[in-house]
Each structure stands twice: as structure tokens, then as C-alpha cells.
């Protein structure tokens, strides 16, 4: 389940180990935190930690999908949404009471 184009949008389809997710620092774009998603040619078992060189620099064109954060509290918002989505999946596919 790769990174796919659907009309004018991009969709990340997780669940088969073929997308690497890596944190980083985006220089030159308001110096922001970033999470990059890379398409793998050969899937790894889900949760496999890829080893990257410390402070490795990647050209922005090599990161087809990015989440850019200008403020740390924005990361908390995404974490909460991911945690809620996980609860939806674990509890009857979306039948979760409000917290």
C-alpha cells in the first residue's frame, strides 16, 4: 500500500511496511520540524527501525510527502488525532465514545 495519487491529493496507505517514516529538521523553510514519508521498494516488517546517518541531509525533492510543524504544540494535535484513530480501529471500527 504505497504513497498514491488520488486525483489532486496524495494518500499514505499504511499497513504493509512499504513506507518509511522519519523525523527531521527542515532548513530554509522557517526552520521547522518535519516528518518525512518515503516509499520503500521492498517492504520491511511493520515497525522496523531504519538506520540513517546522523544529520543526513536530503533534498526536499526526495521527500514526496512531508508533515511540517512550525510550533511544537501542533505535533500534540496530530498525536491526539492518531491516538483517537487507533482507538477507532481497536473499538468496533469507529464506535468510540468521546473522551
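In the numbering used here, the protein residues as written are 58 to 156.
Don't be surprised by glycine CBs; every beta carbon is placed ideally from N, CA and C.
Environment of residue i [buried if 16+ CB atoms lie within 10 Å]
i: residue 76; result: buried
Sequence-distant residues of its chain with Cβ nearer than 6 Å to residue i (five each side left out)
i: residue 123; result: 91 and 93
Same chain, Cβ closer than 8 Å to residue i, neighbours up to 5 away in sequence not counted
i: residue 69; result: 60, 76, 94 and 122
i: residue 67; result: 60, 61, 121 and 122
Counterpart residues of residue i in DSSP-defined beta bridges
i: residue 137; result: Paired residue(s): none; residue 137 is not in a bridge.
i: residue 77; result: 95
Nearest to residue i (by Cα), restricted to the options the options
i: residue 55; options: 63, 145, 87 and 78; result: Shown here, the chain extends from 58 to 156; a query on residue 55 therefore has no answer.
i: residue 82; options: 145, 63, 112 and 104; result: 112
Are the stretch 62-74 and the stretch 94-103 in contact at 8 Å, needing three or more beta carbon pairs?
-> yes
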